[in-house]
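Asker:
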Amino acid sequence: MTITIHKLDHIAIIVENLEKALLPYTEALGLIHTPIEYIESHQVRVTFIPLGQTQIELIEPLNSHGKLARFLQKTGGGLHHVAIEVANIEDSIRDLQTHGIEMNNSHPQPGAQGSLVAFTKRRSFDGVIIELIQKHS
1 MTITIHKLDH
11 IAIIVENLEK
21 ALLPYTEALG
31 LIHTPIEYIE
41 SHQVRVTFIP
51 LGQTQIELIE
61 PLNSHGKLAR
71 FLQKTGGGLH
81 HVAIEVANIE
91 DSIRDLQTHG
101 IEMNNSHPQP
111 GAQGSLVAFT
121 KRRSFDGVII
131 ELIQKHS
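Residue 37 in the UniProt record's numbering is what sits at position 37 of the sequence shown, and the numbering runs on without skipping anything.
(1) Is it buried or exposed, His10, if we count other Cβ atoms within 10 angstroms and call 16 or more buried?
(2) For Ala118 and Glu37, which I take to be in contact (beta-carbon distance under 8 Å), what is that distance rounded to the nearest angstrom?
(3) Whose CA, out of Ser92, Leu96, Thr120, lies closest to the CA of His80?
(4) Apply the 10 Å Cβ neighbour rule to Ile32 and answer buried if 16 or more other Cβ atoms are within range, or exposed otherwise.
(5) Quick check on DSSP: helix, strand or coil for Gln73?
(6) For Val15, count neighbouring Cβ atoms within 10 angstroms of its own Cβ and tell me buried if that reaches 16, exposed if not.
(7) Let's test the definition: count the other Cβ atoms within 10 Å of the Cβ of Glu19 and tell me whether it reaches 16, buried, or not, exposed.
(8) So within the region 31–107, which uninterrupted alpha helix (DSSP H) runs reach at least 4 residues, ignoring any that extend past its ends?
(9) Quick one: any contact between the region 124–133 and the region 79–99, if contact means 3 or more CB pairs under 8 Å?
(10) For Pro110, verify whether its CB is less than 7 Å away from any heavy atom of the ligand FMN.
(11) Is the Cβ-Cβ distance between Thr47 and Thr34 less than 8 Å?
(12) On a Cα-Cα basis, can you pick out the residue from Ser41, Met103, Ala28, Thr4 that is closest to Phe125?
(13) Residue range of the beta strand (DSSP E) that Ala118 falls in?
(14) Straight-line CA distance for Thr54 to Ile5?
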């Protein structure tokens, strides 16, 4: 089986304060963003900034104990992952695992904008986390 990839969906940036991080995008670049969304399953607030055929996702961790908070504490924030939209997330996870790719999630989780998501381990793609995302129908 081969994964059906629709497109590069977004690049994700971890930030300390969502409103402050939005300012250069909205004021200096004149871009707009989606409404800020709270994702309970990940304990984050997020917004997306459409940019051509892709988006920039800004993510603010809301607790000090999770992986994203540790990333923020360690790095001060910045590029976290690259997301690709797939046709079928469950099939895509199985196919990646068949090829030896390690996943942080063996089952999809609820994501922003009603999507389903799963993440690879950073070491599987030479230090880059890949997010699989299946948009709601």
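Ideal Cβ positions, reconstructed from N, Cα and C, are used throughout, including at glycine. The structure displayed is predicted, hence computed values, not measured ones.
Answerer: Checking against the coordinates, here is how it stands:
(1) Buried, because 16 or more other Cβ atoms sit within 10 Å of the Cβ of His10.
(2) Going by Cβ atoms, the distance from Ala118 to Glu37 rounds to 19 Å, so no, they are not a contact pair.
(3) Comparing C-alpha distances from His80 to each of Ser92, Leu96, Thr120 shows the shortest one belongs to Thr120.
(4) Counting Cβ neighbours within 10 Å, Ile32 comes out exposed, since fewer than 16 surround it.
(5) Helix.
(6) By the neighbour-count rule (16 or more Cβ atoms within 10 Å), Val15 is buried.
(7) The residue is exposed, with fewer than 16 neighbouring Cβ atoms inside 10 Å.
(8) With a minimum length of 4 residues, the continuous alpha helix (DSSP H) runs that stay inside the region 31–107 are 67–75, 89–98.
(9) Yes: the two stretches touch, three or more of their Cβ pairs being nearer than 8 Å.
(10) The ligand content of the structure shown is nil, which means the ligand FMN is not present either.
(11) Yes, they are a contact pair.
(12) Among Ser41, Met103, Ala28, Thr4, the Cα nearest to that of Phe125 is on Met103.
(13) Element bounds for Ala118: 116–119.
(14) The straight-line gap separating the alpha-carbon atoms of Thr54 and Ile5 is approximately 14 Å.
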